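Residue numbers for the sequence shown follow our numbering, so the first one is 5 and each next one is one higher.
For each residue, glycine too, the CB sits at the ideal point set by N, CA and C.
Source: prediction; values computed, not measured.
Here's the structure we're looking at; comments come further down.
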Amino acid sequence: MNFANELINWYQKNKRSLPWRNTKKPYKIWLSEIILQQTRVDQGKSYYLKFEKEFPTVSSLAKADEQKVLNMWQGLGYYSRARNLKKAADQVISDFNGVFPTDYKELLKLKGVGKYTAAAVASFSKNERVPVVDGNVYRVISRYLNIDEPINTPKSYKIFSEAALELMENCRPDEFNQAIMEFGALHCTPTNPKCNECPLSYNCTALALNIVKDLPVKKKKSKVKERFFNFIITNNASGFAIEKRNQKGIWQNLYQFPMIETSNHKHEFSELKKLIETDDRFENHKVRQVTQIGSDRKHLLSHQRIWARFYEVEFDEETNNQKKLVRTKSLEHYPIPRLIERFVEEEAPHYLK
Ligand code: SF4
């Protein structure tokens, strides 16, 4: 048997039963693929079922309020995916007459849909002959064919998709694509691949050369940016203040406690007090007391490492008229970044009630 047949044979015996595998509907396949980006399958499953129930069709998603979509997305992180989900649904209504596209090139026009997602939707729904190339596919192909091109360079996608296209010859693209991704996820895994019981071991180049652990190759990433956030919690009878992040960049359109960014966390309370008192969001009121809640928190994003501190701040006078701030008694109905959600769950659950 050749590579594709061995692979599909393995897939038929070993595939996991996942809700999005029982459909050919492009909308549902797309929904699952967006949720599964940067998310583990077991975590993504419950979100998929929740979204599928709430928004069974693309028009129901297009009609939804963005805030609601962001709220439902809470806990998954990378909120740009949720915003794009809504924008793409709107596009399907406005540009495609409400009919979800299945053609690879058309799918690429949708917001948030890249080559991988377009290939997945086009091949799973309509059997279009386009290979999917995700982390699992990179790994399987780099090992099987001994391709040592780093997988995180701009040209790697072309090299690996051409290799995948050749390997999928004479078989059904939907089956091949599902099979190779599942094989990478369950069998040819990053560590401890099951080479001893592998149906592809007979022709696997990396195994023959004893270089399985050296593949795939990754180019070293550029330096991660360090950022230092100071969240200010101001309580009074009308609740506490939050603000919406309108600026581009991380957490756009999510809510947070008013935040002051500093170049490090070496400051004393007195310096922080001065920063708060000269910040027009707090109307130049004098700070009576600053208390840090909990310890410093580290939060990792793809290119940034965020160090966060949360402070409870008491002012000499009540500040109720801050222009850019919203006063609330609960965060329950606001989409908030995972960092803040974790802080509240662990240190101040009353802010959610
Ligand atoms: S023999 Fe090992 S490295 Fe090669 S495809 Fe199978 S599991 Fe992967």
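Straight across, the Cα-Cα distance linking Thr295 with Glu281 is about 15 Å. Each residue's CA atom was taken as its position, placing His269 and Phe232 some 6 Å apart.
Residue state for Trp311 is assigned as strand, using DSSP reduced to three classes.
DSSP places Arg292 inside the beta strand (DSSP E), whose first and last residues are 291-304.
Fully contained in the segment 153-196 are the following alpha helix (DSSP H) runs of length 4 or more, in chain order: 160-171, 177-190. Taken atom to atom, the span from the alpha-carbon of Gly116 to that of Asn88 is near 5 Å.
Looking at the DSSP output, Gln260 sits in a beta bridge with Glu247. Under the DSSP assignment, Ile237 falls in the beta strand (DSSP E) whose first and last residues are 229-237. Under DSSP, Val317 shares a beta bridge with Val294. The segment 176-184 makes contact with the segment 5-13: 3 or more CB pairs, one atom from each, lie closer than 8 Å. Sorted by position in the chain, Val144, Arg147, Tyr148, His191, Cys192, Pro197, Lys198, Cys199, Cys202, Leu204, Ser205, Cys208, Ala210, Leu211, Val216 make up the residues whose C-beta lies under 7 Å from a heavy atom of ligand 1. The C-alpha of Lys90 is placed about 21 Å away from the C-alpha of Glu336. Distance check between Asp138 and each of Glu321, Thr43, Ser334, Thr238 places Thr43 closest, using alpha-carbon atoms only. Pairing Tyr52 with Pro23 gives a Cβ-Cβ distance under 8 Å. Taken through DSSP and simplified to helix, strand or coil, Arg147 comes out as helix. For Ala93 against Ala66, the beta-carbon gap comes to about 4 Å, under 8 Å, which counts as contact. Shown here, Glu70 sits in a helix according to DSSP, grouped into three states.
Under the DSSP assignment, Val96 falls in the alpha helix (DSSP H) whose first and last residues are 84-99. The C-beta separation of Tyr82 from Leu258 comes to about 12 Å, leaving the pair out of contact by the 8 Å criterion. Distance from the CA atom of Glu58 to the CA atom of Glu37, rounded to whole angstroms, is 17 Å. Excluding five sequence positions before and after Phe7, the CB atoms of its chain that fall closer than 8 Å to its own CB belong to Tyr148, Leu171, Leu204, Asn207, given in chain order. Under the DSSP assignment, Thr332 falls in the beta strand (DSSP E) whose first and last residues are 330-332.
Separation of the CB atoms of Leu111 and Val125 is rounded to 5 Å, and the pair is thereby assigned contact status at 8 Å.
For Thr282, the secondary structure class from DSSP, reduced to helix, strand or coil, is coil. In this structure Asn234 is in contact with Arg313, their Cβ atoms being roughly 5 Å apart against a cut-off of 8 Å.
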